[in-house]
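Per the numbering used here, residue 30 is the first one in the sequence shown, and the count goes up by one each step.
Idealized CB from N, CA, C, for every residue including glycine.
These numbers come from a predicted model, not from an experiment.
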Amino acid sequence: MDRRLISISHFPADTTEPLHEVSVGQLLCAAAADAPDRTALIEGDPDPSRRRRWTYDQLLAESEAAARALLLRFVPGDHVAVWAPNRPEWIFLELGAALAGLVLVTVNPAYRATELAYVLRQSRAKGLFLVREHRGHDMAGALAEVRSELPELRHVVSFDDWAVFSASGRSSAARCGELPGVSPSAPVQIQYTSGTTGRPKGALLHHRGMVNNARFTAVRGRMGECWINAVPLFHSSGGGLAVFGPLWERATLIVVPQFDPGLMLELIEAERVTFLPGVPTMLLRIIEHPDFERRDLTSLRAVCSGGTTVPAELVRRIEQSLGVDFSISYGQTEASPGVTQTFPDDSIDDKSSTAGPPLPQTEVKIVDTVTGETLPCGEIGELCTRGYLVMHGYFEMPEETAKAIDAEGWLHTGDLCSMDDRGYVRVHGRTKDMIIRGGENIYPKEIEDVLFLHPAVAEVAVIGVPDREWGEQVAAFIRAAPGIARPDERELHAHVREHLAHYKTPRHWRFVDEFPLNASGKILKTELRARWARSAIDKIDPSV
C-alpha cells in the first residue's frame, strides 16, 4: 500500500497487488482443487439437526450439476433471475450460472408483483428461480398475476423442486460435455439499485470486478477461516463479497436464511466463526440481545460494516465488547461493490471517523459537484472512482449509464465525501441527503455522529424537511436505547449544541420504536421523508 501524502483529493490506483484474470468458475475450481475436503458451506438453519454441510469438492459438484441443468434450458449469455431469501441452493444457482456463462439477475424477495414484473421485463430474464412463499408473501401467486406481461420468460423453477432440477444436470453430463469457457470480462450478474429516484437500474457487473473486489476486501480485512452471512444474497455484498471472498480464502461460509440476532450468536459460538459482516442495525441488535453476554464469541477476529455511515461510538463499542478488529468499508453496487476500506491496524480514530483509503487497483478522486474540478484535500465533494471495479453500465439504459460513467471512465457515485492527505475518505452522505438551510450546507452524518454519542440514543437518522422561511430544516428521528429512560427533546437539543453550530441543531424531533429498513438493513430515509410529508402535525421543538 502506497501511503505517500497527497495535496489534492486524487488517489492514484495502488497497483502493487495484482489483478487476477479469473472468472467465478475458475476461482471455484481452484478452491476445490486446493481444499477438496475442507468444509465450504454450512446451512445456518435455526434447528441444528437440519444444518446441511458441503465440502469444497461437494460444492463444486453441486454447482457443476446446476450449470449443466441450466444449459439444458438456456444458452450462454441468457439472463436467469433468482427471487428468494438466503439458502444454499441460491449459492448453487449463482455459481452454476457463472460456470455456464449465464447472467444472474438478483431480485429482492420483498418485491411485490409489479416490482417483480418490472425487473424481469427490464432485464429480459428468460428464467426465474423462486420460492413459493416467503414471510407470508405468496410469491408464486404474485408471479401468476404478471406472467402474461413477460413474454420472454420461458422457464420457472421452484426451489422446492431443486433436487429434480439438479438431478437433470447430473444425468446430462455426457450430453452437455465440457462447460463453456467464460471470459473474466464477461457479465456475471445484474444487481438492481435501490431506485430512490425513479425506477431501479440494473448494474451489469462482470466476473473480473466481483472476483477481484472480493479478494481485495478479504485480504485487507483479515477475515479468517469461517465467515457467517445474513446479508441478503441478492445484495452486492451478500452475493458478492460474502460468497467469493471465502472462495479466495478457502474458508467456510455459513449462510443464514434471515437475520436473527439470537441465531447469529448461537452460530458464532457453535461454529467458531471468525468473521461477522453486517450493517450497523444488525450489529446493534446482536450486542443488545439478551444472549450476548453468555455466548462464547472469542473466535471472532474481524467485523466489517458498511452500506451506510457508521457512528463513531458504535465502532468503539463493537471493538471493546467483541475484542475484534473493526473494519469500515465504503462502496456501491455499481463498483462491485467495494471502493475503500480501513486496515485492521488503523487507529481507532481512523476506524471510527473514516472509511479508509481506496482498495488496491482503485483510483479515487473528490470533485466539485458543480464544476467537476478535483478539490483540495479536506473539502467536500462527490466521490468518483475508476478501474477494474466499475460496472459495464446499466443494462439497456444508455442515458443513465452516460450520467453515471463519464467519457474518461470515472464512475460518479453521488456520494458526498472528503479525502485527507493520506487518501483516507470520509463519507458525509448522499448528495440528495444534503440539507440546505438558509444557504448553509448541512451534512446529516455529522449530526448523527453527535447524537449517537448520547448514551440514551440507540439509533438515529437525520433528514431535511421543508420549511417556508429557511427552505429546509433539520429533523432527527431517534430510537431510544433499551433499559434507559428516553431522553427529552431539550436534553438532546442541548447535547447537540455542545458540539455543533446552532443552524445544524435539529429543529424537529421524532421518536420511533423501529426504523423502516430495506432488505440490506439500511434505514430508509425516503420513507422517513414520506412519513413527514403525511404527518398533519408539525411538532416544533426548542428554538435555535
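Collapsed DSSP secondary structure at N241 in the structure displayed | Position 212 of the sequence shown, counting from 1, holds the residue named residue 241. Residue state, collapsed to three classes: helix.
Could you tell me which of G130, G73, L89, R79 sits nearest to L101, measuring between CA atoms?
-> In the sequence shown, counting from the first residue as 1, residue 101 sits at position 72. Comparing Cα-Cα distances from L101 to each of G130, G73, L89, R79, the minimum goes to G130.
By Cβ distance below 7 angstroms, which residues in the same chain neighbour E123 in space, the five residues on each side in sequence not counted?
-> Reading the sequence shown from its first residue, position 94 is the one you call residue 123. L133, G268, V272.
In DSSP terms, what W256 is bridged to = Looking up residue 256 in the sequence shown gives position 227. Answer is L282, F304.
Check whether the Cβ atoms of S92 and L70 sit closer than 8 angstroms, and answer yes or no.
-> As a working note, residue 92 is residue 63 in the sequence shown. As a working note, residue 70 is residue 41 in the sequence shown. Against a cut-off of 8 angstroms, the Cβ pair of L70 and S92 comes out as no contact.
Beta-carbon gap between V489 and L480 smaller than 8 angstroms | Stepping through the sequence shown from its first residue, residue 489 is reached at position 460. Stepping through the sequence shown from its first residue, residue 480 is reached at position 451. Result yes, Cβ atoms of V489 and L480 sit closer than 8 angstroms.
Indicate whether N258 and I283 have their beta-carbon atoms separated by less than 8 angstroms.
-> On the sequence shown, residue 258 is found 229 positions in, with the first residue counted as 1. On the sequence shown, residue 283 is found 254 positions in, with the first residue counted as 1. Yes.
Alpha helix (DSSP H) containing E475: first to last residue?
-> Locating residue 475 in the sequence shown gives position 446, where the first residue counts as 1. Run containing E475: 473-481, per the alpha helix (DSSP H) assignment.
Assign W611 to one of three DSSP states: helix, strand, or coil.
-> Since the first residue of the chain shown is 30 and the last is 573, residue 611 is not available in this structure.
What did DSSP end up calling T222 once you bin it into helix, strand or coil?
-> Counted from its first residue, the sequence shown places residue 222 at position 193. Under the three-state reduction of DSSP, T222 is assigned to coil, being neither helix nor strand.
Use the C-beta contact count for P386: other C-beta atoms within 10 angstroms, 16 or more gives buried, fewer gives exposed.
-> As a working mapping, residue 386 is identified with position 357 in the sequence shown. Looking at its Cβ environment, which holds 16 or more other Cβ atoms inside 10 Å, P386 is buried.
Would you mind reading off the limits of the alpha helix (DSSP H) that contains S91?
-> Counting from one through the sequence shown, the residue named residue 91 turns up at place 62. For the record, residue 91 in the displayed sequence is Glu; it is not Ser. The continuous alpha helix (DSSP H) containing E91 extends over residues 85-100.
Tell me the DSSP bridge mates of E72?
-> The residue given as residue 72 occupies position 43 in the sequence shown. As a beta-bridge residue in DSSP terms, E72 pairs with V284.
Does the Cβ-Cβ distance between I471 and K533 come in under 8 angstroms?
-> Locating residue 471 in the sequence shown gives position 442, where the first residue counts as 1. Locating residue 533 in the sequence shown gives position 504, where the first residue counts as 1. Yes, the pair counts as a contact, with Cβ atoms nearer than the cut-off.
Three-state secondary structure assigned by DSSP to T45 | On the sequence shown, residue 45 is found 16 positions in, with the first residue counted as 1. Correct three-state label for T45: coil.
May I ask you to report which of helix, strand or coil DSSP gives A203?
-> On the sequence shown, residue 203 is found 174 positions in, with the first residue counted as 1. A caution first: A203 carries a pLDDT of 49, below 50, which makes its placement in the model unreliable, though a value can still be read off. Residue state for A203 is assigned as helix, using DSSP reduced to three classes.
Is the Cβ-Cβ distance between A364 and L440 less than 8 angstroms?
-> To locate residue 364, count along the sequence shown from 1; it is residue 335. To locate residue 440, count along the sequence shown from 1; it is residue 411. Closer than 8 angstroms, so yes.
For R314 versus L294, is the C-beta spacing smaller than 8 angstroms?
-> Position 285 of the sequence shown, counted from the start, is the residue given in the question as residue 314. Position 265 of the sequence shown, counted from the start, is the residue given in the question as residue 294. Cβ distance not < 8 angstroms, so R314 and L294 don't count as in contact.
Residue interval of the beta strand (DSSP E) (run including P495) = Taking the sequence shown and counting its residues from 1, the one referred to as residue 495 is at position 466. First-last of the beta strand (DSSP E) with P495: 486-496.
Below 8 angstroms, can you find three or more Cβ-Cβ pairs linking the stretch 498-515 to the stretch 535-542?
-> When Cβ pairs closer than 8 angstroms are counted between the two stretches, the stretch 498-515 is seen to touch the stretch 535-542, the count reaching three or more.
What do you reckon, are the CB atoms on T303 and G253 nearer than 8 angstroms?
-> Residue mapping note: residue 303 aligns to position 274 of the sequence shown, counting from 1. Residue mapping note: residue 253 aligns to position 224 of the sequence shown, counting from 1. In this structure, the beta-carbon distance from T303 to G253 falls below 8 angstroms.
Collapsed DSSP secondary structure at W561 in the structure displayed = The count along the sequence shown starts at 1 and reaches residue 561 at position 532. If DSSP states are grouped into helix, strand and coil, W561 belongs with the helices.
Let me know the secondary structure DSSP gives T430 once reduced to three states.
-> Here residue 430 refers to the residue found at position 401 of the sequence shown. The answer is helix: DSSP assigns T430 an H, G or I state.
Measure the CB-CB distance between L179 and L149 and report whether it falls below 8 angstroms.
-> Numbered from its first residue, the sequence shown carries residue 179 at position 150. Numbered from its first residue, the sequence shown carries residue 149 at position 120. Yes. Within cutoff.
Where I569 falls: helix, strand or coil (DSSP) = In the sequence shown, counting from the first residue as 1, residue 569 sits at position 540. Reliability of the predicted coordinates at I569 is poor, the pLDDT of 38 falling under 50, and the value obtained from them is presented with this limitation in mind. Of the three classes helix, strand and coil, the one that applies to I569 here is coil, per DSSP.
Own chain residues within Cβ distance below 8 angstroms of R301, not counting five before or after = On the sequence shown, position 272 is the one that residue 301 refers to. Hits under 8 angstroms: C255, S328.
Sorted by chain position, which residues of the same chain lie with C-beta nearer than 7 angstroms to R249's C-beta, five sequence neighbours on each side aside?
-> Translated into positions along the sequence shown, residue 249 becomes position 220. Non-local C-beta neighbours of R249 in its own chain, meaning closer than 7 angstroms and more than five positions away in sequence, comprise Q370, F372, L388, ordered along the chain.
The beta strand (DSSP E) enclosing A331, as first and last residue numbers = Counting from one through the sequence shown, the residue named residue 331 turns up at place 302. First-last of the beta strand (DSSP E) with A331: 331-334.
Would you kindly work out how many angstroms separate the C-alpha atoms of A120 and E402, rounded to a whole number?
-> Numbered from its first residue, the sequence shown carries residue 120 at position 91. Numbered from its first residue, the sequence shown carries residue 402 at position 373. Rather than Ala, the amino acid found at residue 120 in this sequence is Ile. Each residue's Cα considered, the two are about 43 angstroms apart.
Residue nearest to G458 in terms of C-alpha spacing, selected from S197, G231, I492, A431 | The count along the sequence shown starts at 1 and reaches residue 458 at position 429. Measuring from the Cα of G458, the nearest candidate turns out to be I492.
Locate the beta strand (DSSP E) running through H108, then write down its first and last residues.
-> Taking the sequence shown and counting its residues from 1, the one referred to as residue 108 is at position 79. Here the beta strand (DSSP E) through H108 covers 108-112.
Proximity winner among L172, E342, T398, relative to P484 (alpha-carbon distances) = Taking the sequence shown and counting its residues from 1, one reaches residue 484 at position 455. Of the candidates L172, E342, T398, the one whose C-alpha sits nearest the C-alpha of P484 is E342.
Helix or strand or just coil, what does DSSP make of P22?
-> An answer regarding residue 22 cannot be provided, because it is not within the stretch 30 to 573 covered by the chain.
Quick one: measure Cβ to Cβ for E429 and T414, integer angstroms, because I've assumed they're closer than 8 angstroms.
-> Translated into positions along the sequence shown, residue 429 becomes position 400. Translated into positions along the sequence shown, residue 414 becomes position 385. In fact, because the Cβ distance is near 18 angstroms, the residues do not count as touching under 8 angstroms.
Looking at C-alpha atoms only, which residue of G422, V396, A280 is the closest neighbour of D63?
-> Taking the sequence shown and counting its residues from 1, the one referred to as residue 63 is at position 34. If we check each option's Cα against that of D63, A280 comes out closest.
Does any C-beta atom of chain B lie closer than 8 angstroms to the C-beta of P516?
-> In the structure shown, chain B cannot be found, because there is only a single protein chain.
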